[in-house]
Structure formats: C-alpha cells, structure tokens
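Asks:
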Amino acid sequence: MIGDRLHDVKGAAENGLDCIGVLYGYGTCEELLDAGAIAVVKDIAELTDMLL
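Our numbering puts the first residue of the sequence shown at 124, with every later residue one more than the last.
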C-alpha cells in the first residue's frame, strides 16, 4: 500500500500489507517510519524506481 500518514501505514499493517510512505502528502518521514513503513520516498519518480 502507498500512504502519506501514520493511519495509512497502520491500516495496511492491520490488513497484512506492507506500506511505502510518500512525502508528497501530509506526513513526515519520521512519522511514516515510526508507524512501520517499509520505505519512504520523496516523489513519484522515486516510487516508480522502487517498484520497478
């Protein structure tokens, strides 16, 4: 799952999914990592590179 806030990361985990945090939303890197995101990316280009 892709998310920009801790609620997204926690919701993914509750449903057995990994979550990649994105910084082009509202959350901070620290918030996303503390919530358990497996990675954090700064923009769509970085997300695309990670997924490919």
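All residues carry an ideal CB built from backbone N, CA and C; glycine is no exception.
1) Output the distance between the C-alpha atoms of Ile-161 and Asp-172, rounded to the nearest integer angstrom.
2) Who are Ala-162's beta bridge partners in DSSP?
3) Report all residues from its chain with a CB closer than 8 Å to the CB of Ala-135; omit the five preceding and five following residues, and keep chain order.
4) Tell me, to the nearest whole angstrom, how far the beta carbon of Tyr-149 is from that of Arg-128; I am working on the premise that it is less than 8 Å.
5) Please list, in chain order, all residues of the same chain as Asp-157 whose beta carbon is under 8 Å from its beta carbon, the five residues on each side excluded.
Replies: Working from what's here:
1) If you take the alpha carbons of Ile-161 and Asp-172, they lie about 15 Å apart.
2) For Ala-162, which the question treats as bridged, DSSP gives the partners Ile-143.
3) Met-124, Gly-126, Asp-141 and Cys-142, listed in sequence order.
4) About 6 Å separates the two Cβ atoms, so the contact holds.
5) These residues qualify, in order along the chain: Leu-129.
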